[in-house]
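Before any comments, here is the structure.
In this note's numbering, the protein residues as written are 656 to 1023.
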């Protein structure tokens, strides 16, 4: 079960485990609304709100989709597949700026991983969902390269003859394509003006991605992360003096880590270094953060909720008062305490913080 809070109206969005529908509860009067048709979607594993654009995003384990957060209308696909395409040939421009467009299956690929006059590589997320039987779902004829001197779709079988002709237009000898389905799980959104970035974990390749909601730009932030169950963004009010951070939980390793994010205008050429802030946890899952108070909340599958004060170290008194069940937790330099304990048969999946009303929202389900 997943959950998210719209702070401005104290609206809680959640997915019902039985039936699979998405609901919205208005915290002001308790009224509840079901998003029409949402019960027809696959199982939901992640959810996030774009407050400024009034959009709700969710992952169903196979795709990431979005819809109007008011009534669930205008459902659209955000990402359903990843493609890494590499063009080999010649005349790919004197500089990278000579590349006007790279297109894969009708989608512009703006995240150029590497460039030379004879090789161009790009990464793109496609807003399409394919059947598992439809493999491969991308071929060379689906790829186009355009420079200031011309364009070419697919590849040129008579490559040497075309080179001998002296044409300045791009000539493609072959295109290597690595296409894969996605298994998205946790989601987080930076909805500030001028940003519009979706952060999401992909269980298919063990990576955490940052995808632009204004273009097809995509960046790989982390790799070798196979069990990300929670993502949370910490964005300071003054980003000129402090950097934004992304927190993520790894259920299989029992850790919570943080990444110091580079500005979104900066090209990320390799995974960013991650710092483990907590370890020794029992299946950490949902994360939520109160930016102003520097408080991180997280759930454990075991039915426990913890509060972490990111800007405070534990006092000697706090260390002595740690419950025996929590003695295995290692969290150097930060303070933590267990604030909720549910029955042992309860599995906690999602959590959200209503900063305006200082209320903690959580979603749980009983194991049967």
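We put the beta carbon where it would ideally sit given N, CA and C, even for glycine. Remember, predicted model here, so these are calculated numbers, not experimental data.
Short of 6 Å from the beta carbon of residue 758, and not among the five residues preceding or following it, lie these beta carbons of its own chain, in chain order: 799. Boundaries of the alpha helix (DSSP H) harbouring residue 814: 814 to 819, taken from the DSSP string. Bounds of the beta strand (DSSP E) holding residue 834 are 826 to 836. When C-beta atoms of the stretch 922 to 939 are compared with those of the stretch 857 to 877, three or more pairs fall below 8 Å, so the two segments count as touching. In the displayed model, residue 979 falls within a helix according to three-state DSSP.
Counted as a single uninterrupted DSSP element, the beta strand (DSSP E) harbouring residue 944 occupies residues 939 to 945. Annotated three-state conformation of residue 752 is helix, per DSSP.
Sequence-distant partners of residue 959 (beyond 5 residues in either direction) whose C-beta falls short of 6 Å from its own C-beta, in its chain, are 993, 996. Contact check for residue 938 against residue 915 fails: the beta carbons are separated by 8 Å or more. A check of alpha carbon separations from residue 707 across 846, 932, 902 identifies 846 as the nearest. Judged by DSSP secondary structure, residue 863 falls within the beta strand (DSSP E) whose first and last residues are 862 to 867. By the CB criterion at 8 Å, residue 851 and residue 834 fall outside the cutoff.
By the Cβ rule, the stretch 770 to 786 counts as touching the stretch 746 to 760, because three or more pairs are nearer than 8 Å.
Straight through space, the alpha carbons of residue 864 and residue 753 are spaced by roughly 27 Å. Classified as exposed, residue 794 has fewer than 16 neighbouring CB atoms from the shown chains inside 10 Å of its CB. Residue burial annotation: residue 679 is buried, with at least 16 other C-beta atoms found within 10 angstroms of its C-beta. Beta-bridge analysis with DSSP links residue 767 to 777.
Taking a cut-off of 8 Å on C-beta distances, the stretch 884 to 898 does not touch the stretch 733 to 744, as fewer than three cross pairs fall below it. In the structure shown, residue 966 falls within a coil segment according to DSSP collapsed to helix, strand and coil.
Residue 935 counts as exposed, since fewer than 16 other C-beta atoms from the protein chains shown sit within 10 angstroms of its C-beta. When the beta-carbon positions are compared, residue 714 and residue 700 come within less than 8 Å of each other. When secondary structure is reduced to three states using DSSP, residue 687 falls in the strand class. Its chain contains 744, 817, 826, 827, 828 as the residues whose beta carbon lies nearer than 8 Å to that of residue 811, once the 5 sequence neighbours on both sides are disregarded; these appear in chain order. Assigned with DSSP and collapsed to three states, residue 874 falls in strand. Residue pairing by DSSP places residue 948 in no beta bridge whatsoever.
If you ignore the 5 residues before and after residue 932, its C-beta comes within less than 7 Å of the C-beta of 911, 912, 913, 986, 989, all in its own chain and listed in chain order. Residue 806 and residue 751 have their C-alpha atoms some 15 Å from each other.
Around the beta-carbon of residue 755, fewer than 16 other beta-carbon atoms lie within 10 Å, marking it exposed.
Contact check for residue 907 against residue 881 passes: the beta carbons are separated by less than 8 Å.
The closest CA to that of residue 919, considering only 898, 956, 930, 723, is found on 898.
For residue 881, no beta strand (DSSP E) encloses it, and the DSSP letter there is neither H nor E.
Residue 796 carries a helical assignment under DSSP once its states are collapsed to helix, strand and coil. DSSP lists 827 as the bridge partner or partners of residue 744. Note on geometry: alpha-carbon atoms of residue 948 and residue 823 lie some 59 Å from one another. In the three-state DSSP reduction, residue 956 falls in the coil class, being neither helix nor strand.
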